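Asker: Got a structure here, written out as structure tokens. Questions coming.
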Amino acid sequence: MRIILDTNVLVSALRSDLGASYKIISQLPSENFQIALTVPLYLEYQDVLTRPENMTGASNRNDILNFLRYLCSIAHQQKVFFLWRPRLDDPEDDMVLEAAIASQSLYIVTHNLRHFSDRGIEEQFGITPVSPRTFLHLIED
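Count along the sequence shown from 1, then add 35; that gives the number in the numbering used here.
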């Protein structure tokens, strides 16, 4: 099954090795799921994760870029041919949704469920927004 990881999940995983976000990242590559990645989503990952406030004391810009290269090497690389904008309140969230639609992902794993909820996404596209903890429960069952 393919999934999209919202940028906030990666930020959370890099900040703490105790949470569900880190557990998801630490399972990569996985037989249970594959992350999908588009160029715009990768560029957002790179922009956000290399900001000084998001780099922990143990990581530097090079470490982050190496991590992102690794993600690219194991991800399903998806091109987006159709834009669904404006669909959500935040254009960055539209980009995440477009990646999920184009890659036929089943889940958007995010800490910002309210950004994707009550928008008809599940009904129209068959994509379910879930928290990292919920996603872990789904793949453990």
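Cβ atoms here follow ideal geometry from the backbone N, Cα and C, with glycine treated the same way.
As the structure is a prediction and not an experimental result, all values here were calculated from the model.
Going by C-alpha to C-alpha distance, which of Glu175, Leu148, Pro164, Asn101 sits closest to Ile136?
Answerer: Reading the sequence shown from its first residue, position 101 is the one you call residue 136. Here the closest residue by C-alpha is Pro164.
Asker: Ends of the alpha helix (DSSP H) at Leu165?
Answerer: Counting from one through the sequence shown, the residue named residue 165 turns up at place 130. Note on residue identity: the sequence assigns Val, not Leu, to residue 165. No alpha helix (DSSP H) holds Val165; the beta strand (DSSP E) holding it covers 163 to 165.
Asker: Determine the burial state of Thr73: buried for a count of at least 16 other Cβ atoms within 10 Å of its Cβ, exposed for fewer.
Answerer: For the purposes of this step, residue 73 is identified with residue 38 of the sequence shown, where counting begins at 1. Thr73 is buried by the Cβ-count criterion.
Asker: If I follow the unbroken alpha helix (DSSP H) through Gln81, where does it start and stop?
Answerer: Position 46 of the sequence shown, counted from the start, is the residue given in the question as residue 81. Its alpha helix (DSSP H) spans residues 74 to 84.
Asker: Please confirm if the stretch 133 to 151 is in contact with the stretch 82 to 101, defined as three or more CB-CB distances below 8 angstroms between the two stretches.
Answerer: The stretch 133 to 151 and the stretch 82 to 101 do not touch, with fewer than 3 CB-CB distances between them shorter than 8 angstroms.
Asker: Note the first and the last residue of the continuous alpha helix (DSSP H) segment covering Leu141.
Answerer: Here residue 141 refers to the residue found at position 106 of the sequence shown. Where Leu141 is concerned, there is no enclosing alpha helix (DSSP H), given that its DSSP letter is neither H nor E.
Asker: Relative to the C-alpha of His146, which residue among Met36, Asp41, Arg37 is closest?
Answerer: Within the sequence shown, residue 146 is the residue found at index 111, counting from 1. When only C-alpha atoms are compared, the closest one is Asp41.
Asker: May I ask you to report which of helix, strand or coil DSSP gives Gln62?
Answerer: Counting from 1 along the sequence shown, the entry for residue 62 is found at position 27. Collapsing the DSSP output to three states places Gln62 in coil.
Asker: Could you pull the DSSP bridge partners for His172 from this structure?
Answerer: As a first step, residue 172 is located in the sequence shown; it is residue number 137 there, counting from the start. According to DSSP, which records beta bridges pairwise, His172 is partnered with nothing at all.
Asker: Rounded to a whole number of angstroms, what is the C-alpha to C-alpha distance between Gln112 and Val144?
Answerer: Along the sequence shown, read from residue 1 onward, the residue named residue 112 stands at position 77. Along the sequence shown, read from residue 1 onward, the residue named residue 144 stands at position 109. Roughly 17 angstroms between the two C-alpha positions.
Asker: Can you tell me the Cα-Cα spacing of Asn101 and Asn95, whole angstroms?
Answerer: Locating residue 101 in the sequence shown gives position 66, counting from the first residue. Locating residue 95 in the sequence shown gives position 60, counting from the first residue. Going from the Cα of Asn101 to the Cα of Asn95 covers about 10 angstroms.
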